[in-house]
């Protein structure tokens, strides 16, 4: 697990659901870039005093993927978006 992940254990508790939190915890350093992106998005949402929900995270990721021209960054954003969507329950 990377040093950055170990320094902010409270960040796991900020995530909107336990499944998402557990997924990133178990991935260790394998998802370091996705983790860093998610951490920056969550930080921006919290700083803006907006409700921290999966929907808010997904919307920010979509905004980022639409605005980037960097193919590598777009791939990281896409992978992060897939992880969030995979760990978000459907509305009933």
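In the working numbering, the protein residues as written are 444 to 535.
Cβ coordinates follow ideal geometry from the N, Cα and C atoms, glycine included.
Predicted model, so just to flag it, every value in this text is computed and none were measured.
Query: What does the Cβ neighbour count give for residue 523, buried or exposed, with the cut at 16 atoms within 10 Å?; Result: buried
Query: Go ahead and label residue 480 buried or exposed: buried means 16 or more other beta carbons lie within 10 angstroms of its beta carbon, across all protein chains shown.; Result: buried
Query: What are the start and end residues of the alpha helix (DSSP H) that includes residue 477?; Result: 475-490
Query: Please classify residue 458: does DSSP put it in a helix, a strand, or coil?; Result: coil
Query: Assign residue 503 to buried or exposed, taking buried as 16 or more other Cβ atoms, counted over all protein chains shown, within 10 Å of its Cβ.; Result: buried
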